[in-house]
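Chemist: Sharing a structure, written as structure tokens. Questions coming.
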Amino acid sequence: MDSDNQLKAKKSVEVKNPQGLHLRPGEVFTRTASEFKSTIEVISGDRRVDGKSLLDIATLGASQGTQLEIEAHGPDAEAAVEVLAKIVETSSVDELTKEP
Amino acid sequence: MQTLQGIAVSPGVAIGEALVIDNEGFRIPQRFVARDAVQAEIARLTDAIAGADQEIAANRDTVTEQLGKHYGAIFGAHLKMLHDTRLRREIESMIRQKHYSPEYAVSRTMRRYAKVFQSLDNAFMKERSQDIFDIEKRLLKHLLRDRREDVSQLSSPVVLLAHNLTPSETANLNRKYALGFVTEAGGPGSHTAIVAEAMRLPAVVATGPFLTDVSGGDLVIIDGNLGRVILQPDEETVAKYRYEAEEHRSVEARLKSFATKAATTSDGERIQLYGNIEFPYEVDQCQAGGADGIGLYRTEFLYLNAKKEPTESTHYKAYKKVLLAMGDKPVCVRTLDLGADKLVDDADAGDEKNPVLGLRSIRLTLRNVPLFRTQLRAILRASTLGKVQVMFPLITTLKELRQAKMLLSDVMEDLEESKIDFDRHIKVGIMAEVPATALMLERFLDEVDFVSIGTNDLIQYTLAVDRSNKDVASMYTASEPAVLRLIRMSIQAAGRVNKPVNVCGQMSGNILYTMLLLGFGLRHFSVPPASILEIKKVVSSVNIKQCQRIARRAMSMEHSQDIRNYLKEELRKQVPELVP
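Chain order of the listed sequences is H and C. The working numbering puts the first residue of the first sequence at 1, with every later residue one more than the last. The working numbering puts the first residue of the second sequence at 1001, with every later residue one more than the last.
Here it is in structure tokens:
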């Protein structure tokens, strides 16, 4: 299924966390991103970084209100973008890390 | 390439790989690894990451337990960064492709990230650079585990970059491997700076913060003449500096012919040229330059190097070395000239608001009589080995001079009682380095055999300028008319009673002032060993009449800059080959 591997998904999101996409939300983001097979990139202005690298994400310095684009290539691209967009749009880390 | 401007404290140029010393004394001595060692080096990196991982995880658990999940998560993020796949890829590729050592690769990569964080607008993210440094430090600690060494244990040639170096750290540097140093802090009057000059290590201080921009192993040029530091210089710059070093060597080679000649002016006036030294080994260079003696033997190194107060025998051995080397030429030993803050284990030290106006030098020794007596005894005992003179620094009042002399006689009596031989007629002198002393010199001259004008302190006290304070440092100059007037007064006062006077501050080693000082009537110079040949060259190129005319003209001027310009112009006329 060659076409499956070519799947591409893209979504624009706004950072909601008051402290921005800093290390802790970034950690959740990259941990989640790493669970997907697709390559994931995050775009902010003219910068494009590896969505599975916490260091790279952190260097974006994305603060609250920053517009980001999440782009995924791969078999699970669609799902990845959906899940990751949710993380960026969540306003508190505790919501992400609270026990199930 | 990045250029920093600091304060030049010790001349010369050093080109070499950086050794960055932080508070914990980390050093990254080796920049490259052998091609066939790459696999082993990567294994070392893997081990270091595993070691750091364990530490951070343990930290996370403790913090989570004690402070809660919120705080523990900070270390969770550190772990994640440590295991960041991109980071790992980057470090590994530096080791594989560029053959960087894991230490250097880690430092380069982490510092690049830290720099990106520091450049962010967001204050919160800016601070993340600290997280990066924290991780870097952990990794280096694991990588260097068995090889963390003291700076005194250098094993390859490096230039040292540090926030600050203590005088004893500097004094203990291995001269074979330490090519020069740069410190973010520090000032030109510091003992560290003096020690650097004595060791002939090119040095620049007070550059301000830059250590986060360098990795150990980076190529660095230290220009100790201009106070410049060049990080990761381009090839052209390196070539330019190598060429200049070559030029310098050839001028030095041409000056060599003066080594065997006495310092005599063209009209036949014989000038006594002494060397200033700190360490016994510096005698060699004084001898090589054909010095007439040692005009200033600083003894601070004996106190700074030691963990505890030096014993009489430690003093004696150091003096003996110099005296035996100098034969029948005079050696002037200056008693301890340190601030209380520099002395080891001194409980009283530390809360002085203004140390240069505080308890230092002769004031300190007069209050620590046992310490002073130990040194005086050693000087007196050594006086049978050669022509020793003793000199008291920072004398401000006649009372201080009398107290110091009384103590000296007291020690002499002790020695007599113990039937220990010494020179009963040892010459006793003082440093004239406080304006009060220069103003009252006629009275002091009644009670001393000689005077040495210490221009470094005299300038600072006359002009009320701290030259380590960059806002006023430019006001610090020997060419200020008030300073010159005090110097001329002092030289003439000594001349009138026919007692030897020399100038031993940095001014006397600067060829710009040689003719002026000769014109003032100075016939004894005490200069850094490296300046001896240059000064001889200037002395032999001029006559006294000329110098007197130059001195008169200079003293008619009002501005220090005009005086310097004028002196430079005259020097260019007389000795063009020494003026660039």
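Note that beta-carbon positions come from the ideal geometry of N, C-alpha and C, so glycine has one too. This structure is a prediction, so every number in the text was calculated from the model and none was measured.
What runs of the alpha helix (DSSP H), each 4 residues or longer, lie entirely inside the segment 60-91 of chain H?
Modeler: Fully enclosed alpha helix (DSSP H) runs of 4 or longer: 77-89.
Chemist: Can you tell me the Cα-Cα spacing of GLY1187/C and PHE1210/C, whole angstroms?
Modeler: Mapped onto the second sequence, residue 1187/C falls at position 187. Mapped onto the second sequence, residue 1210/C falls at position 210. Cα-Cα distance, rounded: 16 Å.
Chemist: Does DSSP classify GLU1569/C as helix, strand or coil?
Modeler: One-based indexing of the second sequence puts residue 1569/C at position 569. Helix.
Chemist: Is the segment 1519-1527 of chain C touching the segment 1264-1280 of chain C, taking contact as three or more C-beta pairs under 8 Å?
Modeler: Judged by Cβ distances under 8 Å, the segment 1519-1527 of chain C makes contact with the segment 1264-1280 of chain C, as three or more pairs qualify.
Chemist: In chain order, what residues of the same chain have a beta carbon less than 6 Å from the beta carbon of GLY1072/C, not counting five sequence neighbours either side?
Modeler: Here residue 1072/C refers to the residue found at position 72 of the second sequence. If we look at GLY1072/C and ignore the five residues flanking it on each side, its Cβ neighbours are ARG1060, VAL1063, THR1064.
Chemist: According to a CB-to-CB cut-off of less than 9 Å, which residues of the segment 60-72 of chain H neighbour chain C?
Modeler: Correct list: LEU60, GLY61, ALA62, SER63.
Chemist: Could you check whether the Cβ of THR1365/C sits closer than 7 Å to any heavy atom belonging to the ligand SAH?
Modeler: This structure simply doesn't include the ligand SAH, nor any ligand for that matter.
Chemist: In this structure, how does DSSP classify TYR1297/C when only helix, strand and coil are distinguished?
Modeler: Locating residue 1297/C in the second sequence gives position 297, where the first residue counts as 1. Strand at TYR1297/C.
Chemist: LYS1329/C by DSSP, collapsed to three states: which one?
Modeler: Taking the first residue of the second sequence as 1, we reach residue 1329/C at position 329. Coil, per DSSP.
Chemist: Measure how close the beta-carbons of VAL1204/C and VAL1220/C come, nearest whole angstrom, since I'm counting them as under 8 Å.
Modeler: Sequence index remark: in the second sequence, residue 1204/C carries index 204 (1-based). Sequence index remark: in the second sequence, residue 1220/C carries index 220 (1-based). Actually they do not touch by this definition, with Cβ atoms about 11 Å apart.
Chemist: Whose C-beta lies closer than 6 Å to the C-beta of ILE1132/C among residues of the same chain, with five residues either side of it excluded?
Modeler: As a first step, residue 1132/C is located in the second sequence; it is residue number 132 there, counting from the start. Result list for ILE1132/C: MET1110, TYR1113, ALA1114, in chain order.
Chemist: By the 10 Å Cβ neighbour count, where 16 or more other Cβ atoms means buried, how is TYR1243/C classified, buried or exposed?
Modeler: The count along the second sequence starts at 1 and reaches residue 1243/C at position 243. Exposed is the call here.
Chemist: For VAL971/C, go through chain H and note every residue whose CB falls closer than 7 Å to its CB, in chain order.
Modeler: Nothing can be reported for residue 971/C, as the shown portion of chain C is limited to 1001 through 1580.
Chemist: Residues of the segment 1053-1079 of chain C in Cβ contact with chain H at a cutoff of 8 Å, in chain order, please.
Modeler: Flagged, chain order: LYS1069, ALA1073, ILE1074, GLY1076, ALA1077.
Chemist: Where does the unbroken alpha helix (DSSP H) through MET1555/C begin, and where does it stop?
Modeler: Within the second sequence, residue 1555/C is the residue found at index 555, counting from 1. Its alpha helix (DSSP H) spans residues 1544-1555.
Chemist: Looking only at its own chain, which residues have a Cβ that is under 8 Å from the Cβ of VAL1369/C, when we skip the five neighbours before and after it?
Modeler: Position 369 of the second sequence, counted from the first residue, corresponds to residue 1369/C. Around VAL1369/C: LEU1407.
Chemist: Please look up how many angstroms separate the CB atoms of ILE43/H and LEU7/H, rounded, as I've assumed it's under 8 Å.
Modeler: In the first sequence, residue 43/H corresponds to position 43, counting from 1. In the first sequence, residue 7/H corresponds to position 7, counting from 1. Not quite, the Cβ-Cβ distance comes to about 18 Å (not below 8 Å), so this is no contact.
Chemist: Pull up the CB-CB distance for GLY51/H and THR66/H, whole angstroms please, since I reckon it's below 8 Å.
Modeler: Stepping through the first sequence from its first residue, residue 51/H is reached at position 51. Stepping through the first sequence from its first residue, residue 66/H is reached at position 66. In fact, because the Cβ distance is near 15 Å, the residues do not count as touching under 8 Å.
Chemist: Could you tell me which residues DSSP pairs with PHE1392/C in its beta bridges?
Modeler: Residue 1392/C sits at position 392 when you count from the first residue of the second sequence. Per DSSP, ILE1430/C.
Chemist: For VAL1344/C, collect the residues of the same chain with a Cβ closer than 6 Å to its Cβ; drop the 5 residues on either side in sequence, then sort them by chain order.
Modeler: What you label residue 1344/C is simply residue 344 of the second sequence in a count that begins at 1. At VAL1344/C, the pLDDT of 49 sits below 50, so the modelled position is not reliable; the number obtained from the coordinates is stated separately. Around VAL1344/C: no qualifying Cβ.
Chemist: Go through the segment 1450-1525 of chain C residue by residue and report every complete run of the alpha helix (DSSP H) that reaches 4 residues or more, in order.
Modeler: If we require 4 residues or more, the alpha helix (DSSP H) runs fully inside the segment 1450-1525 of chain C come out as 1455-1463, 1481-1496, 1514-1520.
Chemist: Quick check on this structure: which residue in MET1515/C, ARG1467/C, GLY1519/C, SER1508/C has the alpha carbon closest to the alpha carbon of GLN1492/C?
Modeler: Against the second sequence, residue 1492/C aligns to sequence position 492. Out of MET1515/C, ARG1467/C, GLY1519/C, SER1508/C, GLY1519/C has the C-alpha closest to the C-alpha of GLN1492/C.
Chemist: Is the Cβ of SER53/H closer than 8 Å to any Cβ of chain C?
Modeler: Walking along the first sequence from the start, residue 53/H turns up at place 53. Interface residue, yes.
Chemist: So for GLY7/H, helix, strand or coil by DSSP?
Modeler: Position 7 of the first sequence, counted from the start, is the residue given in the question as residue 7/H. In the sequence as displayed, the identity of residue 7/H is Leu instead of Gly. Three-state result, LEU7/H: coil.
Chemist: Nearest by alpha-carbon distance to SER1190/C: which of ASN1456/C, PHE1279/C, LEU1160/C, GLU1400/C is it?
Modeler: The residue you call residue 1190/C lines up with position 190 of the second sequence. The candidate whose alpha carbon is nearest that of SER1190/C is ASN1456/C.
Chemist: Hey, is the segment 1411-1424 of chain C in contact with the segment 1352-1368 of chain C, meaning 3+ C-beta pairs nearer than 8 Å?
Modeler: These segments do not touch.
Chemist: Does PHE1124/C pass the burial test, meaning 16 or more other C-beta atoms within 10 Å, or should it be called exposed?
Modeler: Counted from its first residue, the second sequence places residue 1124/C at position 124. It is exposed - the Cβ of PHE1124/C has fewer than 16 other Cβ atoms within 10 Å.
Chemist: To the nearest angstrom, how far is it from the Cα of LYS37/H to the Cα of GLN1054/C?
Modeler: By 1-based counting over the first sequence, the position of residue 37/H is 37. By 1-based counting over the second sequence, the position of residue 1054/C is 54. The alpha-carbon atoms of LYS37/H and GLN1054/C are separated by roughly 28 Å.
Chemist: Should SER3/H go down as buried or exposed, given a rule of 16 or more other Cβ atoms within 10 Å for buried?
Modeler: Sequence index remark: in the first sequence, residue 3/H carries index 3 (1-based). Residue placement at SER3/H is poorly supported in this model, since its pLDDT is 48, which falls under 50; the coordinates still yield a value, given next. Looking at its Cβ environment, which holds fewer than 16 other Cβ atoms inside 10 Å, SER3/H is exposed.
Chemist: Measuring CA to CA, which of ASP1562/C, CYS1547/C, GLY1006/C, ARG1553/C is closest to GLY1224/C?
Modeler: Your numbering for residue 1224/C matches position 224 in the second sequence. Comparing Cα-Cα distances from GLY1224/C to each of ASP1562/C, CYS1547/C, GLY1006/C, ARG1553/C, the minimum goes to GLY1006/C.
Chemist: Compare the C-beta of THR1212/C with all C-beta atoms of chain H and state if any pair is closer than 8 Å.
Modeler: The residue labelled residue 1212/C in the question sits at position 212 within the second sequence. By this cut-off, THR1212/C is not an interface position.
Chemist: Bridge partners of GLN1272/C, per DSSP?
Modeler: As a working note, residue 1272/C is residue 272 in the second sequence. In DSSP, GLN1272/C forms a bridge with HIS1524/C.
Chemist: Could you please give me the residues that DSSP links to SER44/H through a beta bridge?
Modeler: Translated into positions along the first sequence, residue 44/H becomes position 44. DSSP output for SER44/H lists ARG47/H as bridge partner(s).
Chemist: Measuring only between beta-carbons, confirm whether LEU1019/C sits less than 8 Å from chain H.
Modeler: The count along the second sequence starts at 1 and reaches residue 1019/C at position 19. No, because no Cβ of chain H sits closer than 8 Å to the Cβ of LEU1019/C.
Chemist: Have a look at the DSSP bridge pairing and note the partners of ARG1108/C.
Modeler: Position 108 of the second sequence, counted from the start, is the residue given in the question as residue 1108/C. DSSP output for ARG1108/C lists no bridge partner at all.
Chemist: If you measure beta-carbon to beta-carbon, which residues of the segment 1123-1157 of chain C are closer than 9 Å to chain H?
Modeler: Of all residues in the segment 1123-1157 of chain C, PHE1124, MET1125, LYS1126, ARG1128, ASP1131, ILE1132 have a Cβ within less than 9 Å of some Cβ in chain H.
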